[in-house]
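A short worksheet on the structure shown next.
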Amino acid sequence: MDQTALLFLVLVAMVVVFTVINPIFFSSAVFANILQDWGPIVLMATAQTLVIVSGGIDLSVGAALGLSGVVSALAMRELTASGQSAWSAMLLGVLVAGAVGLAVGLVNGVLINRVKLVPFIATLCTMGAALGLSLVLTGGTPVAGGPAGSIQFSSKTYLGMFTVPIIVVTVIVVAAGLYLHKTRFGRWTYAIGSNQFAARGAGINVESHLYKIYALSGLLSGLAGMFVYLRLGSGSASSGVGQELSAIAAAVIGGTSLLGGVGRLAGTVIGAFIITGVLSGLIIIGVQANWQRVVIAALIAVAVGAQGLSNESLRAK
Amino acid sequence: MTAVPMLELRGVDKSFGPVHVLSSVDFTARAGEVTALVGDNGAGKTTLVKCIGGIHPVDAGELIFQGTARSVRGPRDAALLGVEIVYQDLALADNLDIVENMFLGREVLTRLRTLDENSMEKLAEQALASLSVRTVRSVRQHVVSLSGGQRQTVAIAKSVLWKSKVVILDEPTAALGVAQTEQVLDLVRRLAGQGVAVILVSHNMNDVMKVADSIGVLFLGRMAAQVRRKDVTQTQVVELITAGRSGELGLSPAESSGAAV
Ligand SMILES: Nc1ncnc2c1ncn2[C@@H]1O[C@H](COP(=O)(O)OP(=O)(O)OP(=O)(O)O)[C@@H](O)[C@H]1O
Ligand SMILES: [Mg+2]
Chain A
1 MDQTALLFLV LVAMVVVFTV INPIFFSSAV FANILQDWGP IVLMATAQTL VIVSGGIDLS
61 VGAALGLSGV VSALAMRELT ASGQSAWSAM LLGVLVAGAV GLAVGLVNGV LINRVKLVPF
121 IATLCTMGAA LGLSLVLTGG TPVAGGPAGS IQFSSKTYLG MFTVPIIVVT VIVVAAGLYL
181 HKTRFGRWTY AIGSNQFAAR GAGINVESHL YKIYALSGLL SGLAGMFVYL RLGSGSASSG
241 VGQELSAIAA AVIGGTSLLG GVGRLAGTVI GAFIITGVLS GLIIIGVQAN WQRVVIAALI
301 AVAVGAQGLS NESLRAK
Chain B
1001 MTAVPMLELR GVDKSFGPVH VLSSVDFTAR AGEVTALVGD NGAGKTTLVK CIGGIHPVDA
1061 GELIFQGTAR SVRGPRDAAL LGVEIVYQDL ALADNLDIVE NMFLGREVLT RLRTLDENSM
1121 EKLAEQALAS LSVRTVRSVR QHVVSLSGGQ RQTVAIAKSV LWKSKVVILD EPTAALGVAQ
1181 TEQVLDLVRR LAGQGVAVIL VSHNMNDVMK VADSIGVLFL GRMAAQVRRK DVTQTQVVEL
1241 ITAGRSGELG LSPAESSGAA V
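Those sequence lines, one after another, are chains A and B. Residues in the first sequence are numbered from 1 upward in steps of one, following the numbering used here. Residues in the second sequence are numbered from 1001 upward in steps of one, following the numbering used here.
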C-alpha cells in the first residue's frame, strides 16, 4: 500500500484510540490546540526533511528557533518602546526571526563546506552556540514587551481551528513540498543524498546546494521561532530546547530515511501531526507531561527500526 | 579511415609528483569505431581516461578534438566537448529512477520551471529504444533494483541522450556474467554504430578482440602500439601488454626493458 495512505491510517487510528479513552479529545478546541503545536514542529520537520534527504541532519533547528524568537523579541520590544505600531513591530519580528535563522543555517553551511565537519557535528556545535547565545542575550528570562495584541491576533481562529499563522505555515509547507518534489532543486537534493559522487559527476555544485539546504533549514526554523513568539507573546531561550527531537521524529515517522535520498514531505506533514497528536492525547488521557520526550524518543526508535527492517528485506530481494 | 579522428592525443605526459605515469602518449579514436585501450594493471589506462575527461590536467601534450587542439581544464570543459565517461559503479544515484538518473544535472523544465517528467520519460525511452534495449522493463524503475548490466545500459543510454561524441567506458563488463557481458558489448557496438567514438578500457581479451576496431596498448605509461584489430592476433596483443613489444610491433627493446620511470 502507498506509504502516505498508511501513515494517514495510523493518524486516524491514533485519533480513534484517544477519543475512545477520553471523548474530549475529539473536539475542535483540542484540534485547534494540536494545530498550534503542529505549526512550529512542521516548519522544523520540513527543514529537517530537506536536510536529511540531502544526506545530512540538522540538530540546530530547535536552538535556531529559540535564538530567532529571542532576538526578534528584543527587536520588537525596542520598536514598540519607540512608539511604533503593533503591525510594524510584528513585520520587523518576522524579518528578524527569518534573518537570524538564516544566519544559523549559513554558519552550518560554512562548517560543513569549509571546515569539512560532518553535518552531525557541525549542527551540534551551532545548536550549542545558538542556545548559549540566547541565554547570554536574555539571562534566561523570557523577553516580553513586544507588540500589544500579538497573542489575540495569532490565536483568533477561523472555521473553529485555523489561525492566521497556521494558514501561513500551511502555505509555506505546500510551497516547500512543490520545491522538493517538482523542481530541479529538489531532484538534486535527492541525488546528493543518494550518491554525492554521481551528483558531482552530473555537474551539480554540491557545496553550493548544501549551502542552500542548510540556509533554508535555518530560515524555516527562524520562522518557527516567530510562530512560537506570537503564540506566547514572549521570546524565550528555552522555547526550542529538545524541539530538534520532535522535528527529526516527524520526518522519520513520515518515512524519510536517515541514510539520505529517500523521503516525501507529505509523510513529514502527517508525521508532525502524529507527534503533536500523541503528545496532546497523552496529556488529555492523564499522562504526566514529563513523559513526552521519552515517548518521542521511542517513536523515533520504532520508525527507524521499521525502516531498517524494510530496507533489509529490499536488499535481500 | 581518412577522416579527421574524433579525438587524438599527441605526446601526452602526466606525472603525480615524482611518479611519471604517462610518457609521451599518442592515441586516436575515430567516430563510429570502438577503440580499445588495454594494458596491465598500473599501465596508466585510468589515468589516461581521466586526462581526457578533464579530471587530471595533462602536464604536456595536446588533446585534439575533430582536428582542433583544445585545452581541457576540468570535467565541464570535457563535457562541453561531448566527452562522457561511464564509470563502473559510481555514476548512478541508487534512490533515483532511470529517467531521473539519465537527466540528472540536465533536467528538462516546463515553462513554469518545474520538472517536465513526461518529456524526460519519453526522451529516455527513445534513447533506450535507439539502442534496441529490451532488458529494461520500466524507465521508472529505481536504479537500486537494477542488475549490473542494466546499470551499465542506463549509463550508456545516457550518453546517447546527450549526443556525446566520445564515450569512454572504463571496465564496463568487469563485474558482469556471460549473458550480461554480451548485452553490454552489443550495446557498445550499437553506440559506435550511431557515429560515436567509443573508447573501451578492458582487461578482457575476448571482449576486446570481439568488439574493437582499433586497439591501443599501454605499457608502463607508454603507448606500445595502436593497431587495427584485423591486423593482429590475440597472442600479439597479449605480448604487447606483457612485454611492450611483439615482433616488429611495439617499443624498441631498450624502451621496453622497463626503465619507464
Ligand atoms: N592520483 C595519483 N597519485 C599518484 N599516483 C597515481 C595516481 N593515480 C594513479 N597513480 C599511479 O599511476 C599508475 C597508473 O595507474 P592507473 O590507475 O592509470 O592504471 P590502470 O592502467 O588503470 O590500472 P588498472 O588496470 O589496475 O585499473 C599506477 O602506478 C598508479 O599507482
Ligand atoms: Mg584502471
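In this text, a Cβ means the ideal position worked out from N, Cα and C, and glycines have one as well.
Query	Result
Residue 304(A) and residue 190(A) closer than 8 Å at C-beta	no
Within chain B, partners of residue 194(A) - CB distance below 8 Å	1093, 1094, 1095, 1096
Residue 219(A) versus 250(A), 251(A), 173(A), 193(A), residue with shortest Cα-Cα distance	173(A)
Straight-line Cα distance separating residue 286(A) from residue 9(A)	24 Å
Nearest to residue 281(A) (by Cα), restricted to the options 259(A), 37(A), 5(A)	37(A)
Below-8 Å beta-carbon distance, residue 262(A) vs any chain B residue	yes
At least 3 beta-carbon pairs within less than 8 Å: the segment 1126-1133 of chain B vs the segment 228-235 of chain A	no
Residue 1087(B) - partner residues in DSSP beta bridges	None, per the DSSP bridge assignment.
Residue range of the beta strand (DSSP E) that includes residue 1011(B)	1007-1016
Expected contact under 8 Å - CB spacing of residue 72(A) and residue 96(A) to nearest Å	4 Å
Beta-carbon proximity check, residue 177(A) vs residue 265(A), cutoff 8 Å	yes
Secondary structure of residue 1228(B), DSSP reduced to three states	strand
Residue-level contact to chain B via CB, residue 156(A), 8 Å cutoff	no
The segment 200-222 of chain A: positions lying closer than 7 Å to chain B by Cβ	201, 202, 203, 204
Where residue 39(A) sits in the DSSP three-state scheme	helix
Cβ-Cβ distance between residue 1144(B) and residue 1124(B) below 8 Å	no
Expected contact under 8 Å - CB spacing of residue 187(A) and residue 1107(B) to nearest Å	6 Å
Assigned exposure category for residue 158(A) - 16 Cβ within 10 Å defines buried	exposed
Bounding residues of the alpha helix (DSSP H) (the contiguous stretch that carries residue 145(A))	Where residue 145(A) is concerned, there is no enclosing alpha helix (DSSP H), given that its DSSP letter is neither H nor E.
Pairwise C-alpha distance: residue 193(A) and residue 13(A)	32 Å
Closer than 8 Å to chain A by CB, residue 1111(B)	no
Neighbourhood of residue 1062(B) by C-beta, 6 Å cutoff - its chain only, sequence neighbours within 5 removed	1010, 1069
Residue-level contact to chain B via CB, residue 316(A), 8 Å cutoff	Its pLDDT being 47, under 50, residue 316(A) is placed unreliably in this model, and the coordinates cannot settle the point.
Distance between beta carbons of residue 275(A) and residue 237(A), contact taken as under 8 Å	Wrong, their Cβ atoms sit about 23 Å apart, outside the cutoff.
For residue 1243(B), three-class secondary structure by DSSP	helix
Min CB distance residue 1261(B) to chain A below 8 Å	Reliability fails at residue 1261(B), whose pLDDT of 41 lies under 50, so the model's placement of it is uncertain and no value is given.
Exposure of residue 147(A), with buried meaning 16 or more beta-carbon neighbours within 10 Å	buried
For residue 1107(B), the first and last residue of its enclosing alpha helix (DSSP H)	Here residue 1107(B) belongs to no alpha helix (DSSP H), and DSSP marks it neither H nor E.
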